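Enquirer: Below is a structure I'd like to ask you about.
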Amino acid sequence: MNEPLFRTEMLTVFFEGLCALSNLELTIERGEIVGLIGPNGAGKTTAFNAITGAVRVSRGKIVFRGQDITSWSTPCIAAGGIARTFQNIRLYDDLTLTENVMVASHSSVTYSFLEAIAGFGRFSRDERRICQKAEHLLELMGLADVAGKKARSLPYGSQRKLEIARALALDPELLLLDEPVAGMNPSETREFAELLVKLHADMNLAIGLIEHDMGFVMEVCHKIQVIDHGIPIAWGTPEQVRNDERVIAAYLGSA
Amino acid sequence: MATEIQSHGRTAARDRILTFAALGILFAFLWYADNHFSEYNLRILNNIAIFIILAVSYNLINGVAGQFSLAPNAFLAVGAYTSAILTLSPEEKLRSFVIDPMIWPLSEIMISFPLSLVVAGLATAFMALLTAIPVFRVRGDYLAIVTLGFGEVIQVVSNNLVAVTNGPLGLKGLTPYTNIWWTWGVCVFTVFCIVRLVNSSYGRSMKAVREDETAAEAMGINALRIKTLAFAFSAFFQGVAGGLLAHLVTTISPSLFTFMFTFNLLIIIVIGGLGSTTGSIIAAVVITWSGELLRVVEEPLTIFGYHYEGIPGMRMVIFSLLLILVMLFARSGIMGRREFSWHGLLELPGKIAGALKVKK
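In order, the protein sequences belong to chains A and B.
Take the first sequence: its letter number 18 is residue 18 in this note's numbering, and every next letter is one higher.
Take the second sequence: its letter number 60 is residue 315 in this note's numbering, and every next letter is one higher.
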């Protein structure tokens, strides 16, 4: 029972000789919000990409629910319970909000394409379930009244929320958020923090997040991992990290 | 979407009735045409149906899944040859294979026309599957290059595999099984299948891959599998269309399936609106029909005392110009990515009236 929900062991990523991430040991327990912080170019997004199978892991291991998922493909990892959002929002611009969210339920579809054409049996049942789930998630994120609009037409903040709604449609146990409040003003950030805490409480989600807004990170995260130039430099509670000399040096420059 | 389930159900029932009524009108018209139209006009109707099949299935891979394929002429050839070889009688095969006799068992096989269409579709889909698996492992425009090459390979093979295809002489004396009922029957079936597929989770996944492949994979969609499905599915119907075409023209040879065929289809789906099945249908009708009307520009004619000799191939110049104009000024084509719906059609008169009122 001591096995955490998610952990990485000596996770290392090389880009043609350049070490983007070195020996990251990140542990996320069930129902925990963990922040991953560090200066620009520190390897935070690389870590997320490596975890979700988008870049190849050079060395090390990723363990999720006791299973070694290091060599899994991106779709398998997503369907297996690790959902993510992107730093530079990546929605399906030309699809409606509902469709955007429904896409993420594809891995739970039980009907074959031949049944889709014939249109009976599992097809209608699955479609109804997926559609209702999408509507529920959009409502949860406060986007229900624009559900029929195209994703492209949404304002920035709503696009971020839509990305989260889409990720939640995967029924993840671990949600990875890449700079969820970037570009938001303080009141939007505040609102988003409340939403995140509520989601976390309602769904018992484990959340990993990358963020530059320190106020936000210190407020919502239970644990924080700091990395600099690909090297992990500190790990602990917000208080521990805030007072760590190496962290202060990394952010403000050493004297 | 389904917030008011009751009214949703009622409009669904209304739409179904309207669709069946429209199909009834279409088939009544075809019945009238079959009895009263000239041979030439019936030929045009047949061509229109075949082009709708081709355009709608081509749009599935190019427009819906966003993978730029240039293979329709190759798939058409595979379908046409497969179906033709399977329906020719052993005597006819013996007679027309003058250079090399046809290899056994193909020389003895003879199956019914409908069955040959299904086999043609399956054989073509299988070809697509073989191409797709290596090609879709990498991202980008490799599909265009590979399918372009595939078209050339099919040309070379059909010219040189004499014991199967009869080489440049082609296959002659096919029974003209294809009639207006076959072409339009298959056409309606194709549109039905593709619309159903596009509106399912598989179709949504294809669109997601088109919009952003990385984000699609991050949402648990196996992009390789979805792209292969779209490619093979569209190839199936192109193969069936090939079979229909073979038994319409009754003589097929490698020169029939040049890249011009693909180019024509590309014009159709772009003008119709890449990604819109409705647009593909409308453009297939308009382009095929106007292709016939524009035959005048290739024939000698005299306007106001000025004699014009007529230039063969002039129609293609006009279509190419049209394509350039569409690309420059109306990139989304006739329909953009919108689709036909009864709801939209019923609201159209009101919208037009509204627009006119504003203008006044």
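Built from N, CA and C at the ideal position, the CB exists for glycine as well.
Keep in mind the model is a prediction, meaning the values are calculated, not measured.
#1: Could you tell me whether the Cβ of methionine 102(A) comes closer than 9 angstroms to any Cβ of chain B?
#2: I want to see whether chain B comes within less than 9 angstroms of glycine 119(A), judged by CB atoms only; does it?
#3: So within the region 581 to 606 of chain B, which uninterrupted beta strand (DSSP E) runs reach at least 3 residues, ignoring any that extend past its ends?
#4: What are the partner residues of histidine 562(B), as DSSP defines its beta bridges?
#5: Measure from the alpha carbon of tyrosine 313(B) to the alpha carbon of each residue in Pro431(B), His502(B), Ser455(B) and Phe486(B), then state which is nearest.
#6: When the Cα atoms are used, what is the spatial distance from threonine 266(B) to leucine 278(B)?
#7: Beta-carbon separation of alanine 304(B) and leucine 511(B) under 9 angstroms?
#8: For the region 445 to 460 of chain B, which residues have a beta carbon sitting closer than 7 angstroms to at least one beta carbon of chain A?
#9: Residues in the same chain with beta-carbon distance under 6 angstroms from arginine 7(A), minus the five sequence neighbours each way, listed in chain order, please.
#10: Could you check how far apart the C-beta atoms of threonine 337(B) and alanine 375(B) are, in whole angstroms? I think they sit under 8 angstroms.
#11: Let me know the secondary structure DSSP gives arginine 631(B) once reduced to three states.
#12: Between asparagine 317(B) and chain A, is any beta-carbon pair separated by less than 9 angstroms?
#13: Please name the residue, chosen from Asn302(B), Thr274(B) and Trp286(B), that lies closest to glutamate 547(B) on a Cα-to-Cα basis.
#14: Taking 9 angstroms as the threshold (beta carbon to beta carbon), is isoleucine 130(A) in contact with chain B?
#15: In this structure, does DSSP put glutamine 87(A) in helix, strand or coil?
#16: Keeping to the same chain, check which residues put their C-beta closer than 8 angstroms to that of isoleucine 435(B); ignore five residues upstream and five downstream.
#17: Distance check for threonine 483(B) and isoleucine 384(B), CA to CA, integer angstroms please.
#18: Output the boundary residues of the alpha helix (DSSP H) element that contains threonine 189(A).
#19: Starting from the Cα of alanine 79(A), find the closest Cα among Met218(A), Ser108(A) and Asn204(A) and give me that residue.
#20: Using the Cβ count rule (16 or more neighbours within 10 Å means buried), how would you classify proline 369(B)?
#21: Where glutamate 25(A) and asparagine 454(B) are concerned, what is the direct C-alpha to C-alpha distance, given to the nearest angstrom?
#22: Using the Cα positions of alanine 255(A) and serine 587(B), report the straight-line distance between them to the nearest angstrom.
#23: Please determine if the region 227 to 242 of chain A and the region 10 to 23 of chain A are in contact, where contact requires at least 3 C-beta pairs separated by less than 8 angstroms.
#24: Work out the CA separation of lysine 161(A) and valine 401(B) for me, nearest whole Å.
#25: DSSP on serine 108(A), reduced to helix/strand/coil?
#26: For tyrosine 432(B), which residues from the same chain have a beta carbon less than 6 angstroms from its beta carbon, with the 5 sequence-adjacent residues on both sides left out?
#27: Excluding the five sequence neighbours on either side, which residues of its own chain have a C-beta within less than 7 angstroms of the C-beta of phenylalanine 275(B), listed in chain order?
#28: Compare the C-beta of asparagine 477(B) with all C-beta atoms of chain A and state if any pair is closer than 9 angstroms.
#29: Suppose you measure from the CA of glycine 43(A) to the CA of lysine 150(A); what does that come to, to the nearest Å?
#30: Establish whether the CB of phenylalanine 488(B) and some CB of chain A are separated by less than 9 angstroms.
#31: For valine 411(B), tell me which candidate among Ile316(B), Glu468(B), Thr513(B) and Val504(B) has the shortest Cα-Cα distance.
#32: Decide if the region 408 to 423 of chain B is in contact with the region 521 to 531 of chain B; the criterion is three or more beta carbon pairs, one per stretch, under 8 angstroms apart.
#33: Comparing the CB of leucine 285(B) with every heavy atom of the ligand COA, is any distance shorter than 8 angstroms?
#34: Per the contact definition of three or more C-beta pairs closer than 8 angstroms, is the region 211 to 226 of chain A in contact with the region 177 to 188 of chain A?
#35: At a Cβ threshold of 9 angstroms, is leucine 91(A) touching chain B?
#36: What residue from Ala47(A), Gly41(A) and Ser73(A) has the CA that sits closest to glycine 53(A)'s CA?
Expert: In short, the structure shows the following:
#1: yes
#2: yes
#3: none
#4: Thr557(B)
#5: Phe486(B)
#6: Computed Cα separation, rounded: 18 angstroms.
#7: no
#8: Cys448, Arg451, Leu452, Ser455, Ser456, Tyr457, Arg459 and Ser460
#9: Thr27 and Val63
#10: That pair is a contact at about 4 angstroms.
#11: This structure leaves residue 631(B) out entirely; chain B is present only between 256 and 615.
#12: no
#13: Asn302(B)
#14: yes
#15: coil
#16: Leu285, Ala288, Asp289, Leu297, Leu300, Asn301 and Ala304
#17: Per the sequence shown, residue 384(B) should be read as leucine rather than isoleucine. One C-alpha to the other measures close to 7 angstroms.
#18: First-last of the alpha helix (DSSP H) with threonine 189(A): 186 to 203.
#19: Ser108(A)
#20: exposed
#21: If you take the alpha carbons of glutamate 25(A) and asparagine 454(B), they lie about 44 angstroms apart.
#22: Reliability of the predicted coordinates at alanine 255(A) is poor, the pLDDT of 49 falling under 50, and the value obtained from them is presented with this limitation in mind. In a straight line, the C-alpha of alanine 255(A) is about 59 angstroms away from that of serine 587(B).
#23: yes
#24: 40 angstroms
#25: It is helical.
#26: Phe368 and His502
#27: none
#28: yes
#29: Glycine 43(A) and lysine 150(A) have their C-alpha atoms some 33 angstroms from each other.
#30: yes
#31: Thr513(B)
#32: no
#33: Of ligands this structure carries none, so the ligand COA is not represented either.
#34: yes
#35: yes
#36: Nearest C-alpha to glycine 53(A): Ser73(A).
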